[in-house]
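Chains A and B are the protein sequences, given in the same order. Read in order, the letters of the first sequence are residues 1105 to 1229 in the working numbering. Read in order, the letters of the second sequence are residues 1105 to 1229 in the working numbering. Cβ coordinates follow ideal geometry from the N, Cα and C atoms, glycine included. For reference, the structure is listed below as structure tokens.
Number of protein chains: 2
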Amino acid sequence: MQHFHRGHECRCPGFKMDRFVQPCMLLLLYEKPAHGYELMEKLSEFGFEDVSPDPAMVYRNLRKMEEEGWIKSQWETEGVGPAKRLYTITPEGEDAIHGWAVHVKRQLKRLKHFLERYEKIFNNT
Amino acid sequence: MQHFHRGHECRCPGFKMDRFVQPCMLLLLYEKPAHGYELMEKLSEFGFEDVSPDPAMVYRNLRKMEEEGWIKSQWETEGVGPAKRLYTITPEGEDAIHGWAVHVKRQLKRLKHFLERYEKIFNNT
DNA sequence: ACAAATATATGATAATAACATATATATGGG
DNA sequence: CCCATATATATGTTATTATCATATATTTGT
């Protein structure tokens, strides 16, 4: 038996949207090359306050995107702090952003329709 | 190596949002009791044209929600056509709708932020 | 008699998300 | 000097989800 809401805990995995950090990180990298930790913190700008900072989410998606050829990295051993990978976006990565945008628009439409219908019924504001 | 876009095929699974059909079906059932096939068709209203009609998606989610106690079903052998399960929403199911609405609002915020930022950069309309 | 539409259901597998954990360096305070 | 904390990256494991294919049966129209 599955439980998506037990007590105060919420178990609606479908809306955690781990994958959505990919286009978000791509946008951030398009704006400016950065390393993982930096991206992890900046994700809060996109409304991931409740999820981040989650290193696993960020680094695993960075690896995936590098495999895809959407981003590339180089080690930075100079400067303060431990060695870091500096990520930059590739032309393929830019294409991917546009691909994601299509899905985002479609999903936005779905969510809006749901909310309109929901509020019509339950009269919420 | 993973490929989310091969040729014309799109492989962005994160945005297919199978789980999102749950709150949509709950809303439909709140409006009026229905059976699976009916729900499957009505899902297009929520913008699932590209996914539905997908029997697996609909029936499996209905089973899950019945396990959760959000909906209940009874066989209808009378009337035209093959036997069908008539689903009705429970009070727990109504609670679940409100729970989902919270996630939908949060996700909507994220998607909007992404799109605003995206369009600011690429000047799309 | 047969095709198509209606209706429900599941098996198998690929992909994702969630959680815990491991690692190392640097910095500031006591 | 030592320790806690912040910085920084990385992976193993397991649970959950999504996708695709397929199975079943009834009814309606031709």
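Where residue i sits in the DSSP three-state scheme
| i | result |
| --- | --- |
| E1182(A) | coil |
| K1168(A) | helix |
| Y1222(A) | helix |
| R1210(A) | helix |
Element boundaries [beta strand (DSSP E), containing residue i]
| i | result |
| --- | --- |
| L1190(A) | 1188 to 1193 |
Interface residues of chain B facing residue i [CB-CB closer than 9 Å]
| i | result |
| --- | --- |
| I1175(A) | Residues of chain B passing the Cβ test: none, with the nearest at roughly 14 Å. |
Enclosing alpha helix (DSSP H) for residue i [first to last residue]
| i | result |
| --- | --- |
| E1070(A) | Outside the shown range of chain A, which is 1105 to 1229, sits residue 1070(A), and nothing can be said about it. |
| P1127(B) | 1125 to 1135 |
Interface partners of residue i on chain A, CB under 7 Å
| i | result |
| --- | --- |
| P1127(B) | F1218 |
For the region 1131 to 1164 of chain A, list every residue whose C-beta sits within 8 Å of some C-beta in chain B, in sequence order.
L1131, Y1134, E1135, E1149, F1150, G1151, F1152, D1154
Residues of the region 1200 to 1225 of chain A in Cβ contact with chain B at a cutoff of 9 Å, in chain order, please.
A1200, I1201, H1202, G1203, W1204, A1205, V1206, H1207, V1208, K1209, R1210, Q1211, L1212, K1213, R1214, L1215, K1216, H1217, F1218, L1219, R1221, Y1222, E1223, I1225
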